[in-house]
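A.B. asks: Under my numbering, the first residue of the sequence shown carries the number 406, and numbering increases by one thereafter.
The structure's right below; bear with me while I get my questions together.
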Amino acid sequence: MDLLSDLLVLAIETKKPVVLHCRDFGPGEAAGHVLDLINMLDMGDHIFHRHCFMESVSEVQECTRCLSFVVFGISTKLFENTTLQEVTRYVDYSRIVLETDSPYLEDRTMTLIAIAEEVDRLKGIS
């Protein structure tokens, strides 16, 4: 958290957006701790990109409540993860960034077009 704090301060000083890959395979507290730190540094108007987002609608709500300029990376995990499908239905298009995260996610042949089509399908748009 100390290193993250230093990096967030650097982002403030340089006016650079922040890409966060916040994953928690434990009790689910990591994102809350990161958001607490962001709030403590008064970064509510800073630009954030939640890379490879895999969390819940409630976390989206908390992030968008605290952060004016946050977008959520939607990846190929969309095809298999029902929670991410719920998030995609909920999140406004203006807060979605399409990602393949290739070559690190399983399906390396997936294209952004396929992800975009799935986003549209989930949102009920042809």
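We treat Cβ as the ideally placed atom computed from N, Cα and C, and that holds for glycine.
Computed from a prediction, not measured in an experiment: that's the story for all the values here.
Return the CA-CA distance between E523 and E464, expressed in angstroms with no decimal places.
C.D. replies: Along the sequence shown, read from residue 1 onward, the residue named residue 523 stands at position 118. Along the sequence shown, read from residue 1 onward, the residue named residue 464 stands at position 59. Looking at the two C-alpha atoms, the distance is approximately 22 Å.
A.B. asks: In its own chain, which residues sit with a C-beta less than 7 Å from the C-beta of Y495, not counting the 5 before and 5 after it?
C.D. replies: In the sequence shown, residue 495 corresponds to position 90, counting from 1. Hits under 7 Å: V462 and V465.
A.B. asks: Can you check whether the CB of P422 is closer than 9 Å to the CB of F453?
C.D. replies: To locate residue 453, count along the sequence shown from 1; it is residue 48. To locate residue 422, count along the sequence shown from 1; it is residue 17. Result yes, Cβ atoms of F453 and P422 sit closer than 9 Å.
A.B. asks: Roughly how far, in whole angstroms, is the beta-carbon of R455 from the beta-carbon of L425, given that I think they are within contact range, below 8 Å?
C.D. replies: The count along the sequence shown starts at 1 and reaches residue 455 at position 50. The count along the sequence shown starts at 1 and reaches residue 425 at position 20. Indeed, because the Cβ distance is near 6 Å, the residues count as touching under 8 Å.
A.B. asks: Give the single residue among I443, L483 and V439 whose Cα lies nearest to the Cα of T505.
C.D. replies: Counting from one through the sequence shown, the residue named residue 505 turns up at place 100. Of the listed residues, the one whose Cα sits closest to T505 is L483.
A.B. asks: Classify R455 as helix, strand or coil using the three-state DSSP reduction.
C.D. replies: Here residue 455 refers to the residue found at position 50 of the sequence shown. Correct three-state label for R455: strand.
A.B. asks: Are the Cβ atoms of C448 and I417 separated by less than 9 Å?
C.D. replies: On the sequence shown, residue 448 is found 43 positions in, with the first residue counted as 1. On the sequence shown, residue 417 is found 12 positions in, with the first residue counted as 1. Per the sequence shown, residue 448 should be read as Met rather than Cys. Going by C-beta atoms, M448 is nearer than 9 Å to I417.
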